Amino acid sequence: MVSRIFLVIASLSASFSALSDPLDDVIEHWLSQEFTVSTLSPAEQAEELRWFHRAAQPYRGMTIRVVSERIDTHTYESSVLTKAFEDVTGIRVVHEITGEDDLVKKIQAQMDTGLNIYDGYINDTDFIGTHYRRQKTLVLSDYMNGAGKAFTLPTLDLEDFIGLGFGTAPDGKLYQLPDQQFANLYWYRHDWFSRPDLRRRFFDIYGYPLGVPQNWSAYEDIAEFFSDHVQEIDGVQVWGHMDYGRTDPSLGWRISDAWLSLAGMGDTGLPNGLPVDDWGIRVDGCHPVGASVVRGGALNGPAAIYAVETYIRWLKRFAPPQARELTFTSAGEWAARGQVAQQVFWYTAFLPAMTDPDAAVTDDNGNPLWRVAPSPRGAYWEEGMKSGYQDAGAWTFLTSTPDDRLAAAWLYAQFTVSKTVSLKKLLVGLTPIRQSDIESDTFAEHAGKLGGLVEFYRSQARYVWTPTGTNVPDYPALSGLWWHHISRAIRGDDSVENVMTAMAADFDERLSTIARHQGRLCEPRLNKPETARHWLSLPGAPKAARDTKPKPMTLPHEEAIRLWQSHAD
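So the sequence shown is numbered by the numbering used here: it starts at 43 and just counts up by one.
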């Protein structure tokens with residue numbers, strides 16, 4: 043009798059299971075196990091996932107390929123979000139992770155050949171000038187209102203994206219949808235800066251308080267203090283500066299990602315300086331007219347030379363010897379060892395390593411021993427200029443992608459930035475894209491562990507930390523020049539002035555080549571050469587030589603953070 047009852051129960055259970063919707067089980071699994079935080083309610087999350095399931099019906103069983111650079115955010119997408127998306131939609135995604143230089147080569151190859159190599163790219167908005175001019179990139183604002191309307195998430199909420207302007211071209215149209223953002227800020231050991239013995243010693247030597255440096259003069263003093271005077275803390279050797287200098291494509295980004303702008307090379311005006319931008323390129327209207335001083339650019343002007351000379355001097359004098367052989371990635375991981383006092387050029391993409399409870403830069407409770415603050419500026423910087431660099435990786439699609447593969451890839455792209463997913467992705471990779479996530483109580487609860495990141499993204503300062511802008515007409519054609527030339531200066535093959543002059547001449551030559559391509563919008567129109575004296579005597583960039591050692595200035599961390607809050611919209 044008992045066995046018969048169990049058989050009846052088992053039969054009824056199987057019947058109910060057969061009647062249930064498998065999609066409900068999938069949704070319940072992902073919402074309870076992974077997407078446990080969101081600015082949406084669970085019911086709203088479930089409805090978003092059901093929309094993806096319905097919209098993907100024509101493409102179930104398809105496999106698509108996308109590619110992105112190597113940071114924690116994209117690793118999460120590749121390892122977790124692809125599985126969730128396939129469970130919900132039936133579309134398999136091969137999400138490849140590669141180096142930034144390789145990513146640039148891949149998207150350039152598809153633009154040049156017209157072959158569909160990948161169905162989607164998470165491509166930096168540094169390319170916006172390229173995408174606008176070459177007209178090989180899908181205009182997302184047109185697609186969402188046209189052929190892609192049926193595949194565009196009703197709750198995508200474009201106005202919620204904080205970096206939408208970075209992927210918008212001069213024609214006012216959206217070419218790239220933000221997937222992640224990370225800024226380049228000043229990083230330092232707050233616990234060391236707070237020690238009374240070190241503070242007294244610093245003041246005795248330099249005559250002003252140890253604090254967050256507001257200019258490069260103070261940064262250099264602090265670097266010298268820890269490298270030359272302190273040398274060792276708690277029995278461990280320490281250095282006053284961290285950087286990287288290996289001959290590698292990432293060396294180019296070390297300089298091109300607004301280092302020259304932080305020195306004050308370009309003009310005032312946001313987002314990048316006008317008419318001379320943070321790459322030293324002058325434009326007339328939308329037409330690049332030259333990078334060298336003799337054509338009105340600033341790439342080999344006094345401010346640019348000062349910037350590169352300072353970078354090399356600090357690298358060789360104050361950074362660990364290993365720094366000269368490190369790249370963007372390895373340098374970011376190295377700082378978490380706890381042997382450096384500060385880093386003037388630190389990407390917040392490396393926050394996951396800094397927040398690891400086992401890292402040498404967290405205390406026994408997992409709290410950070412470090413802080414981030416506004417970047418110190420060089421001697422040529424002026425009010426009204428951008429204050430730093432912000433990387434904005436964004437979904438980018440090329441017109442050579444077949445319609446069905448494009449629609450499927452567009453669905454996956456939206457999934458990775460949907461409100462169902464975005465807050466959890468923010469907590470994993472710490473690269474925010476949505477205002478709603480930034481303002482959420484969940485993000486605020488993590489402020490104590492993030493050393494100032496929450497304060498930065500809740501301030502208006504994030505609008506003056508900007509990517510490369512529209513003055514750069516062909517990012518793939520120009521970006522490689524940076525690291526090839528800068529590496530010669532690091533090795534001592536030639537003086538910085540000669541290296542920068544050679545690079546500026548190469549920029550002009552590349553601009554001239556780009557100008558010969560037919561059918562490009564806002565093509566370069568090079569100025570005829572004038573004397574350097576002519577351009578340096580005019581207001582704005584290129585700027586004549588000035589005193590590069592102004593009075594050093596520092597602030598307590600709390601006051602430095604308030605500077606972020608003071609930025610206007």
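Using N, Cα and C, we set each Cβ at its ideal position, and we do this for glycine too. Since the model is a prediction, treat every value here as computed from it, not as a measurement.
Original post:
Taking the continuous beta strand (DSSP E) assigned at HIS137, which residues delimit it?
Top reply: 134-140
Original post:
Distance, Cα to Cα, THR289 vs ALA531?
Top reply: 11 Å
**OP:** Confirm, please, whether the CB-CB distance from PRO399 to GLY408 is below 9 Å.
**Re:** yes
**OP:** If I'm right that GLY311 touches ARG324 with Cβ under 8 Å, what's the distance once you round it to whole angstroms?
**Re:** The pair is not a contact, with the Cβ atoms about 13 Å apart (cut-off 8 Å).
Original post:
Counting only beta-carbon atoms, is PRO64 nearer than 9 Å to chain D?
Top reply: In the structure shown, chain D does not exist; there is a single protein chain.
Original post:
Do you know offhand how far VAL254's Cα is from LEU605's?
Top reply: 12 Å
Original post:
Which residues in the same chain have their Cβ closer than 7 Å to the Cβ of TYR499, if we skip the five residues on either side of it in sequence?
Top reply: PRO474, ILE480
Subject >> Nearest-angstrom beta carbon gap, THR596 and TYR250 [assumed within contact, 8 Å] >> reply: 6 Å
Subject >> Nearest neighbour of THR371, chosen from TYR286, ALA346, ASP446 [CA to CA] >> reply: TYR286
Original post:
How many angstroms separate the CA atom of ALA300 from the CA atom of PRO212?
Top reply: 21 Å
**OP:** May I ask you to list the residues that DSSP assigns as paired with TRP437?
**Re:** ILE164, LEU219
Subject >> First through last residue of the beta strand (DSSP E) which encompasses GLY332 >> reply: 329-332
**OP:** Reducing DSSP to helix, strand and coil, say where PRO317 ends up.
**Re:** coil
**OP:** Assign SER521 to buried or exposed, taking buried as 16 or more other Cβ atoms, counted over all protein chains shown, within 10 Å of its Cβ.
**Re:** buried
Original post:
Which of the three DSSP states, helix, strand or coil, is assigned to ASP535?
Top reply: coil
**OP:** If I'm right that ALA434 touches PHE360 with Cβ under 8 Å, what's the distance once you round it to whole angstroms?
**Re:** That pair is no contact at about 30 Å.
**OP:** Answer yes or no: do PRO584 and ALA574 have a C-beta to C-beta separation smaller than 9 Å?
**Re:** yes
Original post:
Quick one: what does DSSP say SER35 is sitting in, helix, strand or coil?
Top reply: Missing from the structure shown is residue 35; the chain here goes from 43 to 611 and no further.
Subject >> Alpha-carbon spacing of LEU302 relative to THR543, whole angstroms >> reply: 15 Å
Original post:
When the Cα atoms are used, what is the spatial distance from GLY294 to THR508?
Top reply: 17 Å
Original post:
Could you give the C-beta distance for LEU145 and SER120, rounded to a whole number, given that I count them as a contact under 8 Å?
Top reply: The pair is not a contact, with the Cβ atoms about 13 Å apart (cut-off 8 Å).
Original post:
Would DSSP call TYR431 helix, strand or coil?
Top reply: strand
**OP:** Determine, using beta carbons only, whether PHE193 and LEU219 come nearer to each other than 9 Å.
**Re:** no
Subject >> 7 Å CB neighbourhood of ALA85 in its chain, flanking five on each side removed >> reply: none
Subject >> Burial state of GLN256, where buried means 16 or more other Cβ atoms lie within 10 Å >> reply: buried
**OP:** Could you give the DSSP three-state label for TYR286: helix, strand or coil?
**Re:** coil
**OP:** Count the other C-beta atoms from every protein chain shown that fall within 10 angstroms of the C-beta of ASN187, then say buried if there are 16 or more, exposed otherwise.
**Re:** exposed
Subject >> Cβ neighbours of THR484 in the same chain (closer than 8 Å, five flanking residues each side left out) >> reply: VAL79, LEU465, LEU469
Subject >> Residue range of the unbroken alpha helix (DSSP H) whose run includes TRP452 >> reply: 445-459
Original post:
For SER608, does the count of other Cβ atoms within 10 angstroms reach 16, so buried, or fall short, so exposed?
Top reply: exposed
Original post:
Who are the Cβ neighbours of TYR422 in its own chain at under 6 Å, not counting the five residues just before and after it?
Top reply: ALA305, GLY306, ALA345, LYS585
Original post:
Helix, strand or coil: which one does DSSP assign to PRO598?
Top reply: coil
**OP:** Quickly, what does DSSP pair TYR230 with across the bridge? List them, please.
**Re:** GLN384, ARG413
**OP:** Taking ARG324 as part of the beta strand (DSSP E), name the residues at either end of that continuous run.
**Re:** 324-326
Original post:
Does DSSP put ALA361 in a helix, in a strand, or in coil?
Top reply: coil
Subject >> Test item: CB-CB of VAL386 and TYR261 under 9 Å >> reply: yes
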